[in-house]
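I have placed the structure first, in the form of structure tokens, so that the comments after it can refer back to it.
In this note's numbering, the protein residues as written are 64 to 203.
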């Protein structure tokens with residue numbers, strides 16, 4: 064009995080990995096997190112005006128990368144949140160290519176609701192609601 068030889072090409076896998084890991088090479092303050100077709104970015108710092116300027120610059124670079132690689136970046140679905148216990152009195156304008164992003168008090172990241180104070184209250188409320196509706200169904 065003759066065996067068959069399987070030949071597997073690694074080139075598509077390697078080029079895909081290079082492709083999706085390339086955007087963060089041009090970023091200065093933003094760190095990116097990729098999951099499936101979703102990309103999240105975060106930055107931290109104590110000098111808010113400088114951080115906003117650097118984030119806006121990085122977002123413009125990221126937008127350019129998307130455009131040059133024939134990908135789309137949906138700015139209507141893009142939002143930002145600021146996680147801090149401090150009161151921020153100045154208006155913060157985060158934008159991509161001149162389009163202002165909506166600031167949210169809470170965001171969902173990989174199915175977890177995170178609020179701007181990191182209290183987890185909204186996520187706990189959501190989980191309790193899911194459990195109670197599941198328990199109601201089980202009682203029937």
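Where is the CB? At the ideal position from N, CA and C, for every residue including glycine.
Predicted model, so just to flag it, every value in this text is computed and none were measured.
For residue i, which option in the options has the closest C-alpha, if you only look at C-alpha atoms?
i	options	result
residue 143	98, 168 and 202	168
residue 121	90, 199 and 174	90
residue 112	186, 153, 183 and 187	153
residue 145	97, 139, 114 and 200	114
residue 99	195, 165 and 173	173
residue 57	171, 166, 97 and 139	The displayed coordinates of the chain run from 64 to 203. Any statement about residue 57 would go beyond what the structure contains.
Give the secondary structure of residue i by DSSP, where H, G and I count as helix, E and B as strand, and everything else as coil.
i	result
residue 67	With a pLDDT of only 44 at residue 67, under 50, the local geometry of the prediction cannot be trusted, and no value is derived from it.
residue 123	helix
residue 180	coil
residue 134	coil
residue 200	helix
For residue i, which residues does DSSP report across the bridge?
i	result
residue 159	162
Going by the CB atoms, is the gap between residue j and residue i shorter than 9 Å?
i	j	result
residue 106	residue 125	no
residue 159	residue 123	yes
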